[in-house]
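**Q**
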Amino acid sequence: MLGGSLSLQWRDKLDKRNFIFLTANGALYFSALAFFDANVLIPLFLNGLTDSPLLVGLAAAIRSIGFFLPQILIAGWVAGAQNLNLFQSRLHLFTRSLLILPVLAIWFGLSPTVIVVTFFVTFTVFAFGEGMGQVSWMDIYSRTIDESHRGKLLGTMQALGGLGALGGAFVVQRVLSSPDFAFPYNFALLFFLALFLLWASIFAIRMTQDPPKKDAKERKVSARYVVTHVPKYLQDHPSFSKMLIVQVLMGFNIIGFPFYILYVQQTGSLPAWLIGFIVMFQIIGQVIGGLLWGYLSDKAGNKRTIMATLATNIIVPLLILLSGQVTGLISIIVTLLGFMTLGMVLGGWLGFVNYLMETTAEEKRPIYVSISNLFATPVALLPLVAGAFLKVIPMPWLFISIAIIQVLALFLAFRLPDPRDEKKQGLPFLFRQPAPARRTKE
Numbered sequence: 001m002l003g004g005s006l007s008l009q010w011r012d013k014l015d016k017r018n019f020i021f022l023t024a025n026g027a028l029y030f031s032a033l034a035f036f037d038a039n040v041l042i043p044l045f046l047n048g049l050t051d052s053p054l055l056v057g058l059a060a061a062i063r064s065i066g067f068f069l070p071q072i073l074i075a076g077w078v079a080g081a082q083n084l085n086l087f088q089s090r091l092h093l094f095t096r097s098l099l100i101l102p103v104l105a106i107w108f109g110l111s112p113t114v115i116v117v118t119f120f121v122t123f124t125v126f127a128f129g130e131g132m133g134q135v136s137w138m139d140i141y142s143r144t145i146d147e148s149h150r151g152k153l154l155g156t157m158q159a160l161g162g163l164g165a166l167g168g169a170f171v172v173q174r175v176l177s178s179p180d181f182a183f184p185y186n187f188a189l190l191f192f193l194a195l196f197l198l199w200a201s202i203f204a205i206r207m208t209q210d211p212p213k214k215d216a217k218e219r220k221v222s223a224r225y226v227v228t229h230v231p232k233y234l235q236d237h238p239s240f241s242k243m244l245i246v247q248v249l250m251g252f253n254i255i256g257f258p259f260y261i262l263y264v265q266q267t268g269s270l271p272a273w274l275i276g277f278i279v280m281f282q283i284i285g286q287v288i289g290g291l292l293w294g295y296l297s298d299k300a301g302n303k304r305t306i307m308a309t310l311a312t313n314i315i316v317p318l319l320i321l322l323s324g325q326v327t328g329l330i331s332i333i334v335t336l337l338g339f340m341t342l343g344m345v346l347g348g349w350l351g352f353v354n355y356l357m358e359t360t361a362e363e364k365r366p367i368y369v370s371i372s373n374l375f376a377t378p379v380a381l382l383p384l385v386a387g388a389f390l391k392v393i394p395m396p397w398l399f400i401s402i403a404i405i406q407v408l409a410l411f412l413a414f415r416l417p418d419p420r421d422e423k424k425q426g427l428p429f430l431f432r433q434p435a436p437a438r439r440t441k442e
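Reminder that position 264 of the sequence shown reads as 264 in the UniProt record's numbering, one-by-one numbering, no gaps.
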């Protein structure tokens, strides 16, 4: 049914099976984030306990660094490892289950200091677990999903996850606006619901299959080798090197992610009932973005997908700034539009991932994925730096700087080589069809 409804041409049974379960894994994961949102809920949770922009920035930095940094350490191992679905499911069962500890700390009425410390310890383990699992997920995805519908998988995954999260956002709105759930017990309930969905997503990744690698031993390289040979990898892959510059510049948009909601709160246009609607509109943006970026990736090419994502990135900080300059209903509308646009760009990684897949040999993809994330690691520290300086630097200056950097990234994206030979196809890009599914040898 799934194949018929999406008009997919399966390469083999493994292609179909993994399409279904990888989509389910991602959809459940994105649904869980409605209750554990890093751009709205976690900043409000920490700000309510500590009133510290520095700790809000620290949480954002941990989330990004934990996701990016571990990938360079295990990429060489993943390139030759077997049974990666088992590795990832066991890893996440441990790293995600620890999130129950801050929930219990709240339920047992422990002090705010204990709650905050417990949260940061378990959140750090969680973030690093997500980073370690990302390389294995991408390896299974790139080797078993045919390139003709990779964009459709990622887009469908984000869209379904967004729809699930939209339902979760209604729950968030009810919980946070209800007098029956006082702070921080309301956040404890939301975090527990997130954990339940994260457990379900582990089952989905366990149900995927990881086919044997015939040249597994030859593929394995050490983390030290990867790190010391980064210049050579970049020199050997000029298209990737150019894409990497654009990706790093786009990554500067994370500076504003944890502070947009605090800016709206400081301008006085954030009543309690609006928080749930902000999460809803951000999720609606994720649904729209997932479908749009997936469509553009398959139909228009990944260079155009990257450019469209960057153009959208420019709009986000400008809308948030505008929300603080207007009042009443207009302020609420602009705020919701700002977070809806933010939701769209959260899936902007899709174009970069598929551009990398399209231009990189299969056996080297895990290494180049990890290199791209290695270069994103320093950028991940910027929210922490911003949080430290926000007492002397006005937030509007920060948001304007983000928009300028995104304009520069868009200019450089125009100069990216397009891996698709458009001239040979002879059709306007909106009418082009992806290459048909085909069986390839492992």
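Glycine residues also receive a C-beta, built at the ideal position from the N, C-alpha and C atoms.
Starting from V392, trace the alpha helix (DSSP H) both ways and give me its first and last residue.
**A** From DSSP, V392 is part of no alpha helix (DSSP H); its letter is neither H nor E.
**Q** What number of angstroms, rounded off, separates the C-alpha of K16 from the C-alpha of I306?
**A** Near 27 Å, if we compare the C-alpha coordinates of I306 and K16.
**Q** What does the alpha-carbon distance come out to for the pair F19 and I330?
**A** Using only the alpha carbons, I get a separation of about 42 Å.
**Q** Which whole runs of the alpha helix (DSSP H) in the stretch 325 to 360 are 4 residues long or more, in chain order?
**A** For the stretch 325 to 360, whole alpha helix (DSSP H) runs of length 4 or above, ordered along the chain, are 328 to 345, 349 to 359.
**Q** Taking just the CA atoms, how far does F240 sit from D146?
**A** C-alpha separation (whole angstroms): 21 Å.
**Q** Would you check if there are 3 or more beta carbon pairs closer than 8 Å linking the stretch 127 to 137 to the stretch 92 to 109?
**A** Touching, per the Cβ criterion.
**Q** Helix, strand or coil: how does DSSP classify S178 here?
**A** Three-state DSSP puts S178 in coil, outside helix and strand.
**Q** Which whole-angstrom value describes the C-beta separation of V287 and G162, a residue pair presumed to lie in contact below a C-beta threshold of 8 Å?
**A** With a Cβ gap of about 3 Å, V287 and G162 count as contacting.
**Q** Mind checking I404: buried by the 16 CB within 10 Å criterion, or exposed?
**A** Exposed, because fewer than 16 other Cβ atoms sit within 10 Å of the Cβ of I404.
**Q** Is I367 helix, strand or coil when you go by DSSP?
**A** Helix.
**Q** DSSP state of S267, grouped into three classes?
**A** Just to set this straight, residue 267 is Thr in the shown sequence, not Ser. T267 falls in the coil class under three-state DSSP.
**Q** For L249 and D180, what's the separation of their Cα atoms in angstroms?
**A** Each residue's alpha carbon lies about 44 Å from the other.
**Q** Output needed for W107: all residues of its chain with C-beta closer than 8 Å, excluding positions within five of it in sequence on either side, in chain order.
**A** Hits under 8 Å: Y185, A188.
**Q** Tell me where the alpha helix (DSSP H) around M207 begins and ends.
**A** It is not in any alpha helix (DSSP H) - M207 carries neither H nor E in the DSSP assignment.
**Q** How long is the line joining the alpha carbons of L33 and A27, rounded to whole angstroms?
**A** Cα-Cα distance, rounded: 10 Å.
**Q** What is the DSSP secondary structure of T440, reduced to helix, strand or coil?
**A** Only weak support is given to the placement of T440: the predicted model assigns it a pLDDT of 42, under 50, and the value that follows is read from those uncertain coordinates. Looking at T440 - three-state DSSP - the assignment turns out to be coil, as it is neither helix nor strand.
**Q** Checking 7 Å against the spacing of the C-beta atoms, do V230 and I74 come in under that value?
**A** Not a contact, by the Cβ cut-off of 7 Å.
**Q** Let me make sure I understand the geometry here. Which of L86, L381, I115 has the alpha-carbon closest to that of I255?
**A** Of L86, L381, I115, the residue nearest in Cα terms is L381.
**Q** Which residues in the same chain as R206 place their Cβ atom closer than 7 Å to its Cβ, once the five residues preceding and following it in sequence are excluded?
**A** Answer for R206: N85, S89, listed in chain order.
**Q** Rounded to whole angstroms, what's the CA-CA distance from L41 to F35? Just pull it up for me.
**A** Near 8 Å, if we compare the C-alpha coordinates of F35 and L41.
**Q** Given 8 Å as the limit, is there contact between the stretch 335 to 353 and the stretch 286 to 301, that is, 3 or more CB pairs closer than that?
**A** In short, these stretches touch, since the Cβ pair count reaches three.
**Q** Say whether the stretch 294 to 309 touches the stretch 149 to 169, bearing in mind that this needs 3 or more beta-carbon pairs closer than 8 Å, one atom from each stretch.
**A** As far as the Cβ criterion goes, the stretch 294 to 309 touches the stretch 149 to 169, which means the pair count is three or higher.
**Q** Rounding to the nearest angstrom, what Cα-Cα distance links D51 and F389 in this structure?
**A** Computed Cα separation, rounded: 15 Å.
**Q** Is L110 helix, strand or coil when you go by DSSP?
**A** Three-state DSSP puts L110 in coil, outside helix and strand.
**Q** Classify L104 as buried or exposed, calling it buried when 16 or more other Cβ atoms lie within 10 Å of its own Cβ.
**A** It is exposed - the Cβ of L104 has fewer than 16 other Cβ atoms within 10 Å.
**Q** Terminal residues of the continuous alpha helix (DSSP H) containing Q247?
**A** Its alpha helix (DSSP H) spans residues 238 to 250.
**Q** In the structure shown, what three-state DSSP assignment does Q406 receive?
**A** It is helical.
**Q** From A194 to L322, what distance separates their C-alpha atoms?
**A** A194 and L322: Cα-Cα distance of roughly 32 Å.
**Q** Of all the options G167, P102, P53, A200, which has the alpha carbon lying nearest to the alpha carbon of V392?
**A** Of G167, P102, P53, A200, the residue nearest in Cα terms is P53.
**Q** Give me the Cα-Cα distance between F429 and A300, rounded to the nearest whole angstrom.
**A** Its pLDDT being 39, under 50, F429 is placed unreliably in this model, and the coordinates cannot settle the point.
**Q** Please state if the CB of F375 and the CB of L244 are separated by a distance shorter than 7 Å.
**A** Their beta carbons are under 7 Å apart, which means L244 touches F375 by this criterion.
**Q** Buried or exposed for W273, going by 16 or more other Cβ atoms inside 10 Å?
**A** Counting Cβ neighbours within 10 Å, W273 comes out exposed, since fewer than 16 surround it.
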